[in-house]
Structures are given as C-alpha cells and as structure tokens.
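Colleague: After the structure tokens below, expect a handful of questions from me.
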Amino acid sequence: MYQRLYLFAISWTLYQPRECAVVPITVGAVLSSSEQQTVFWEYVEQLNLKYDHYGYVRFNSTSVIMEPNPIKSAQVICRDLIPQKVNVIIVSHPPNSDNPPISVSYTCGFYQVPVIGIFARDSAFSDKNVHPTFIRTVPPFNHQAVVWVKMLLHFDWKKVVLIHGMDEEGRTMLSNFQAQAVPASIKIEKVLKYSTGIEDFTSILQELTNVQSRIVLLSASKRDAEQIFLNAANLNLTNSDYVWLVSERALEASTVPIGTIGLELTNRSNEQAHLEDSVNIIGNAFHKLFENNNLTDIGKMPQGCSDNYQWENGKIIFDALKNEVLENGKTGRVSFDSNGDRQDPIYWIKNVQPEKGLVEIGIYRRESIHGEQLQFGTKPIVWPSLSKEKPKGIKISTHLQIVTIEAKPFVYTKKAETEQKCRNDTLEIPCIFTDQKTGEKTTFCCYGYCIDMLFALIEKINFTFDLHLSKDNSFGIFTKKNNSKTKEWNGMMGELVRGETDLIVAPLTIDPERAEHIEFSKPFKYQGLTILVKKSQKDSSLASFLQPFQDTLWILVGLSVHVVALVLYLLDRFSPFGRFKMAKSEETEEDALNLSSAMWFAWGVLLNSGIGEGTPRSFSARVLGMVWAGFAMIIVASYTANLAAFLVLDRPDAKISGIDDARLRNPNENFKYATVKNSAVEMYFKRQVELSTMYRKMEDLNYKTAEEAIEAVKSGRLQAFIWDSSRLEYEAANECDLMVAGELFGRSGMGIGLQKGSPWTQQVSLAILELHEGGQMEQFDNKWILVESTACPERGQTPATLGLTNMAGVFMMVAGGIVAGVILIFIEILYKRHRGLKEKELELARNAADRWRGNIAKRRVLRQTLKHQREEQLREKSFGKLTSFESNSSMCTPINRVSSRKALTTGLSGFSRETCSTPPMSKPPRSLAPSGRSVAPATAFLLSANPAFTEDRPELV
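Residue numbering for the sequence shown follows UniProt numbering, starting at 1 and increasing by one per position.
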C-alpha cells in the first residue's frame, strides 16, 4: 500500500507543465477482478514514469469488471469506457468464466477503438473482417498444430489420424494442421469429425481400428475430451499400440489416459504478466507515434455508443500496436502477425504419468529471429500401458495391396482365360483391372521383370499381396483437379498417395517431385534417358550400283569412251602405217579399224572383255590404247573399292547424334520427336531450363503410352522417341528396324514406391540390395531386357552380305540388255525384210530394164539384118541379069539356100566366101546389159528361123 502511494507521489511531483502541450492518452481495461484493476493502474503509472520526461503523452487509466453476459459487457463498454474517450482497451475474461470477449471486440471495432486481448484464444478473433481492431498477446488454439508437426517429426511419425469437432475451432485446427503437415511430408490417413455435445463417441472411435496409423491427434474441449477418453478406453484404443497427442483443452480432461502427450501455453493463466506486456506495448506504440510526428493529436473521439461515426485515427493506432515488438516481456518475446495474433509463443510439452500427473518433458519456443526450437529434457516419457519404448505409430499389415502397369519388358499382361488360370511355373500372377467408367473387373496374367523381382522379395520378406493394374493406365502426374487451385496426383501415384495401395511395383522413375509425396526404395534398376529412332536404311534403288561414282564422273567416263574411240579411229585412219594406207586389196581394206570397231575396242578395254577384232595397227593409236587401258584399270579398281564401301561395309547411321543434336535443339516442322504424357520424362524436360525449347515442341506431340509412340517411330510418323533407356534398349534389341541414338542423359533409377512413413521401406530396400549383391538383378536383366531377337541379322564386325535389293540394278541392267537385244534383233529382221523387198523390187526393175534393152538391141539387129537381106536380094537380082554368070547363079542358088538354112540353124551372121560370092556381112556391135555384162545380139537368121518370134511379130517376116 505504501509502495503504491510512493509511486503516485513521485509521478505527481515529476509532472510539470511544458511549453508543448502534452497529449492525454486514456487506456481502458475490462478485467476479471478488482485486484487486477489495481495492478493495471500501477502499470499505467509506471508507464508515465518511463515516458513523462519526453513530454509527448500522458497516460490515464480507467477500468471495469467484465460481465459474464455478453450483452451486459457491451452495455458497460458503452456506459463506462466509450464516454471517457478511451484510446485503447485491454480485455481479459469474466470472473470464473472463460467466455471470450466477443461483445467487447464488436463494440470497439465499430468505433475503430483498438482492443488488446490477453486470454482470448478463439480462432474467430483472427478474422479481421469481423474483428478489425483486435490483437492479442496469446496465440489462437489452432497454433498448436505447428507444435504437433514438430513433435511428429521428432518422433519420426509420418502418418496420423485427426479427431476434431465440427465447430469453428475444429475446422481451423484441421486447416492449419494440413497446411503444416504437407511440407513436412506427414500424411493424414483419416479425419474423424464429430458434432459437439454428443454423449457417445464409440461409433466414431471404432474407425481407428480400420486404419494403419496408430497416432491419434485430438482437438476437443475439456468436456468432449473426457467422454472421448472413456469410450476409447472401452474400445482398448489407449493400449501400447496407440499414441494420443492432444490439445491444451483436451489435456485438462479428468479421464486423460496414462501416456498421453499434450501442450500447455506458458503463462496462459498469468493475467498480471499479460497486463504488464500489454501496457508496455501501448506505451511504446504511442510514444513512437508522437515522437516521429506520425500522429499530432488524438482526433475526434466518439462520445458514446449513441454516436454513429468512427474514430479516424483508430486504424493508425491499431497498426502501430500490431507492428510493435516487445523483446523482453514478462511472457517472453511479444510480436504479432498480420492478423494481430501473437507469433512467438512458448509451450510446455507435458506427459501424463501415473501418480505424478502432468510432467513437463520438453519445451517448444518459436522466435522470429532464432527460429523454432523443440527440446526434450532428461525426464523419461511414459508411453501408453506404461511402455518404455516408443511406439512405432503404425500397424504393420502383412497383406499388402500392390499396383502395377503394363510396361514392357518390366510388366507384360495377357488376358486370363476363364478355364485356365495363370501359370505358376512361368511366374505369372493374376492382376485385376477395374474399368473406371463401368466398374467391370477383368483378370489378366502379369509377368515380366518386376513380377520376378516381386517373387524374389517375397522370399526375403514375409508378406502376402493382391496385385491390380492401374485404373487409368498411367504412372501419374501432379496436376490441378477440375480447374481448382489445389493439385492432386492421378494414376498409380494417386492411388499410393490416397492410401488405396501400399506398394507400386513397376518401372517407376525416382524423381524429386514424386519423392516429395511418397517414399522410394533403393533403386532396383539404374538407367537414364535415351532416344529411339528408326534405322536410316540406304536406298536400294535400281541405280544402287551407280552410287560409287557421282553423276558427273559417270558422264565424264561415258564421254571419255566415245572420245577415245573417235581419236583411235582418226589416228589409225591417217597414220601411214595404218591399214587404210597400207591396203592394196579389197580384203585388206575390210580388216582396217573403222569407227564401229574403234568404239567396240574402247568399251571392251573399259569393261575388261575380250577383244577379238578391230585392234589399232598404227603405233600412235596403240600408244593411246595402252593409256586408255591404264585409265580403265584405275577406274574399274576405284569403282570396285567404292562399291564394297557402299554396299558391303556400309552401316546405317542414326538420324540424330544425341540430346545435343541440332535437330532437337532447333526443331523444324519436318522433324518430330516426343515422349509420354504425364510421365517422369515429361517432367524432366519441364524442369530443365536448357530443355525448355524441346519441351514446348514436344508438349502437343506427346503420346498417351510408350507403345503408341514406338509404333509411331516404326511407321515413320515420329522421327524420335525419348524414353527410359531400359525400355528402348529392349525395343531396339527385338526390332530390327529400330536403334537407340546418342549417349544416356538424365540418369536416374527405378524404385519401388511406398507410402510416406511406410514401415516396409527399410525392409524392401535391404531386400533389393541383397538381390543386387546376389546377382539376381543381373539375371533379370539378361532374361527380360538384354535378349536380342533371333529374327534380326547379327550385328557383328564381319562385313554384311549383299542382297537382291542391293544389286537389283545390275540384274535389271542385264535384263535391259537382253530386252534391248531382243528388240534390236526384231528391228534387224524387220529392217532386213524391208531391205530385201526393196532389193527384190530393184532386181525386178533391173531385169525388166535389161529385157527392154535386149529387145531394143534385137530390133536394131533385126532391122540391120533385113536391110542386108533386101540389099542381098537386090544384088542377086542384079547379078541374075548378067549372062556370064547364069551357070554360077544356078549353082549358087541351092548353095545359098543351104547356107541360109545353115545360118538359121547355127546362128552364123553371113555366108562364107567359098559358098557365095556375096561379101560377108559385118559383125554387129556388142551391146552391154544394164548390169554391166555384155549381151550378144541374135543374128537375123536365128530370128527369122524362130517360129515363135515370127508368129508373134509378123512384121519381121
């Protein structure tokens, strides 16, 4: 009492008027008792002692006792505090009650008067739309979710069940815990909700027996918690298998079981400590406002609740209070977040132990500077059923649900026949596929690399399983669902994350995005990414044998043949020692080298064929022939060597060299490459900044499955397919037309997927390591992946053999030669026939001309003969008149007759001198036939003696 009077006297004596007007600040308080009112007054006076000498502000205090009834509390505020122009109000709780100061916050918030709560823990006060001017020196109840997550991480529990009421506190607790659990990879296996006020929780708690997790988080009021603990004990849910982590209010229940761990806020019931921190926050905030001239006066305050206007400076003062930090307060470091909630609380971690009750086993503190700290002391923790060992927190079931997907060569599927089950001797196992649309179930037989590995794991780990195929036939991608902001996994990943399955046994690539939501075993297969392309086969066209030389070289060779042939002909033609110059006879002239023979010689030398005729004779032509033979030898040898390189030793090269190929980095429209949608490979390209161009190119071309993409490569619709090296190496080994290009990139591993916190993770990883060490994984590789197809030709180092496709052009050339020969022989025959007809016609014409000429000659001779006969007759008549010759005439006449007959029969042209005195007739000239042969004309006697002639031509008689 004397101490208080002393403080009052000092404050009164120190107060002196100053030149600058001191701004009075009224601090109101709604407290739980009169004792707290006195304490509050003392703290305000101490504040004046602290800041009075600065001369900026003077703090006054006024306080009332809080009414349990919210309406009366509002009336007290309107009657006793608002008329006194209070600038800030500190509110506690009613006597013997925990009712929140909602009515105080509503009333002050309407007039923009800041309110500092020192016990209000309800989450509703964090909503600034409802409580715009409310801040508090205690955290809300849902802040305990942060401490829960830290404890779960400390004890290595990754899967929990959360029980909460369906009131606002329960919903906010769930929301806050989910926000904290996701980054920490803690999975909420089950959320159990209950309506507040129910009397029996048995039906709700029975669901705990159907889940795998044995860690139970309870957010409930004291009353609800008492009944929940009773029902849980009756169901044997408080034994050594279960761990209960409860909130502050639930920890106060009288039926809390042994081994329960809960939280308790430090200084949570210390009203004086919170009052002192609140008053200091107010003093610091107002002093800074007026010291920095952020506020020069208080402004117009409402006179009472009848006024309908708000305090204009209330928002400024509220922001100043919210931004204030008290480093060394009575309750620790005091600071506020954007909602006005305290963000640096300290919690005791307590354990319910027999006989001792609540025992402090640790502490949690969160400081904005030093971060979060969770510390456990040396005191031992008593677990449920007085166990000294930390529970595993999960029920380990030996019957697992396993999902897989068809992916050659790791998993093959074939439809199981109704009469025949899957064969056990070949390690086939039934796997069920459920149609998402119809719900129809189909049984398949699964076998392959992963199935063999699964059977090997069973031998090392004792578990049973049911195997089923992925419902949507995909590995899964983390994507938005129904255009919402939240993302979810689909495919096999979705089934595992949602807890629908326990293991993923498939070629599942280990990547960071998946590892955030599930756990992976040690890799059972190390691999990378590679590129599948179709072999670039050489064109086996009809002109394949022409490939060793370029077109220009072939043209030059052809020209050279004809030029050399022409030069050889000219040299042998004009050389003095050639056959042309030395020819003396017609036969020698025919053996000379003509142009046709020279052409035959040039081609014969080039094609290395035998030359039987038409060789050059002159020395100059022979020198050129030797040079041409050397040229032909070089050309033929070069052609043969290049032909072997092109047709025999040629190996098909890949179309691309690897991931750094220019056609991949700078794609064009004619070169298409892709991967599988919603796959780890697609995510790899999406993450890599340097591959962003390739990702944009592939995004619209990606296929739904690897099988579709491989078929597209085979058909030529896709030039390159980027996928896991194991699968592509298998395809290249079994498909003769496919090959992998470039080196591996994006190296990773394939592992078995498990749920977060799965108890099987370590066992499965150890079993896989044993399989690696025992060589069984290598056996699986040889059995399923590295098996080459026997239908494909061996790819050894020996030269490849030629086939008909390679040499078809040569055969076609021979066939063309045969066809050309046949065509030419027909042409020759037709030409010969045509020429024979012409020659026959010419011969007939020639014969006719010869006959005509002969007839003309005969007529000429006949005329001459007749003329001579007439002359002879005239002579004979003249001679007959001569008498001296009468006797001779009589003798001559018969002789002449006889001579005439003889001449007619023998063809003589005249009489002999002895026979007749008539002088001999001159010999007619010899005529030439048109053919050049001489034709002797017939005598007159022969013509006259020919009856046929005289009959046909009476004029000749």
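Note that beta-carbon positions come from the ideal geometry of N, C-alpha and C, so glycine has one too.
Could you give the DSSP three-state label for Thr761: helix, strand or coil?
Modeller: helix
Colleague: Considering only their Cβ atoms, is the gap separating Asp224 from Pro165 smaller than 8 Å?
Modeller: It is Gly, not Pro, that sits at residue 165 in the sequence shown. The answer is yes: Cβ separation under 8 Å.
Colleague: Looking at the structure shown, is Thr413 part of a helix, part of a strand, or coil, going by DSSP?
Modeller: strand
Colleague: Please report the distance separating the alpha-carbon of Arg835 from that of Tyr569.
Modeller: 29 Å
Colleague: Does Phe671 come out as helix, strand or coil in the three-state DSSP assignment?
Modeller: It is coil, neither helix nor strand.
Colleague: Counting only the same chain and skipping the five closest in sequence on each side, list residues whose C-beta sits under 6 Å from that of residue 958.
Modeller: Nothing about residue 958 can be reported from this structure: the residues present for the chain run from 1 to 957 only.
Colleague: Check whether the Cβ of Leu830 sits closer than 7 Å to any heavy atom of the ligand ADP, and report yes or no.
Modeller: Ligands are entirely absent from the displayed structure, and the ligand ADP is therefore not among its contents.
Colleague: If you draw a straight line from the alpha carbon of Arg727 to that of Ile510, how long is it in whole angstroms?
Modeller: Rounded to whole angstroms, Arg727 to Ile510 spans 16 Å at the Cα level.
Colleague: Tell me the rounded alpha-carbon separation between Leu153 and Met777.
Modeller: Approximately 35 Å, taken between the alpha carbons.
Colleague: Do Tyr703 and Val676 count as a contact pair if the criterion is CB distance below 8 Å?
Modeller: yes
Colleague: With DSSP as the reference, label Pro894 as helix, strand or coil.
Modeller: Confidence at Pro894 is low in this model, with a pLDDT of 42, below 50, so its placement is unreliable and no value can be given for it.
Colleague: Under 8 Å, with one C-beta from each stretch per pair, do the segment 675-692 and the segment 506-525 reach the 3-pair mark?
Modeller: yes
Colleague: Considering only residues of the segment 437-525, which uninterrupted beta strand (DSSP E) runs meet the minimum length of 3 residues and lie entirely inside it, listed in chain order?
Modeller: 441-447, 464-469, 478-480, 487-489, 503-509
Colleague: Alpha helix (DSSP H) containing Thr62: first to last residue?
Modeller: First-last for Thr62: 57-65, but that is the beta strand (DSSP E), not the alpha helix (DSSP H).
Colleague: For the beta strand (DSSP E) that contains residue 962, what are its first and last residues?
Modeller: Nothing about residue 962 can be reported from this structure: the residues present for the chain run from 1 to 957 only.
Colleague: Is the number of C-beta pairs between the segment 754-763 and the segment 155-163 that are closer than 8 Å three or more?
Modeller: yes
Colleague: Tell me the rounded alpha-carbon separation between Ile635 and Arg687.
Modeller: 58 Å
Colleague: Would you list the residues sitting across from Val27 in a DSSP beta bridge?
Modeller: Ser61, Val88
Colleague: With a cut-off of 8 Å on the beta carbons, I'd call Thr266 and Ile346 a contact; round off their distance for me.
Modeller: 4 Å
Colleague: Thinking Tyr206 and Glu189 are a contact (beta carbons under 8 Å), I'd like their distance in whole angstroms, please.
Modeller: The displayed chain sequence assigns Gln, not Tyr, to residue 206. That belief does not hold up - the Cβ atoms of Gln206 and Glu189 are roughly 15 Å apart, past 8 Å.
Colleague: Tell me, to the nearest whole angstrom, how far the beta carbon of Phe110 is from that of Trp148; I am working on the premise that it is less than 8 Å.
Modeller: With 8 Å as the limit, Phe110 and Trp148 do not qualify as a contact, their Cβ atoms being about 36 Å apart.
Colleague: Determine whether the beta carbon atoms of Gly259 and Trp383 lie at a separation below 8 Å.
Modeller: yes
Colleague: Anyone know if the C-beta pair for Ala602 and Ala565 falls short of 8 Å?
Modeller: yes
Colleague: For Glu495, which residues in the same chain have their Cβ closer than 6 Å to its Cβ, ignoring the five residues on either side in sequence?
Modeller: Val403, Thr501
Colleague: Quick check on DSSP: helix, strand or coil for Met626?
Modeller: helix
Colleague: Using the C-alpha atoms, what's the distance from Ile405 back to residue 965?
Modeller: With the chain covering 1 to 957 only, the question about residue 965 has no answer from this structure.
Colleague: Enumerated in chain order, which unbroken segments of the beta strand (DSSP E) with a length of 3 residues or greater are wholly contained in the segment 246-304?
Modeller: 261-265
Colleague: Could you check which residue in Gly304, Gln37, Asn87 has the C-alpha nearest to that of Ser63?
Modeller: For Ser63, the closest alpha carbon among the candidates Gly304, Gln37, Asn87 is that of Gln37.
Colleague: Which residues share a DSSP beta bridge with Ile363?
Modeller: Beta-bridge pairing links Ile363 to Trp348, Gln375.
Colleague: Taking only three categories from DSSP, how would you classify Gln755?
Modeller: coil
Colleague: What did DSSP end up calling Asp224 once you bin it into helix, strand or coil?
Modeller: helix
Colleague: Which of the three DSSP states, helix, strand or coil, is assigned to residue 962?
Modeller: Outside the shown range of the chain (1 to 957) lies residue 962, about which nothing can therefore be said.
Colleague: Apart from the five residues just before and just after Phe478, which ones in its own chain have a Cβ nearer than 8 Å to its Cβ?
Modeller: Lys487, Glu488, Trp489, Met493, Glu513, His517
Colleague: So, is Lys421 buried or exposed, given that buried needs 16 or more other C-beta atoms within 10 angstroms?
Modeller: exposed
Colleague: Buried or exposed, going by whether 16 or more other CB atoms sit within 10 Å of the CB of Trp784?
Modeller: Buried, because 16 or more other Cβ atoms sit within 10 Å of the Cβ of Trp784.
Colleague: List the whole-angstrom C-beta distance separating Ile394 from Arg214, where the pair is believed to meet the contact cut-off of C-beta under 8 Å.
Modeller: 6 Å
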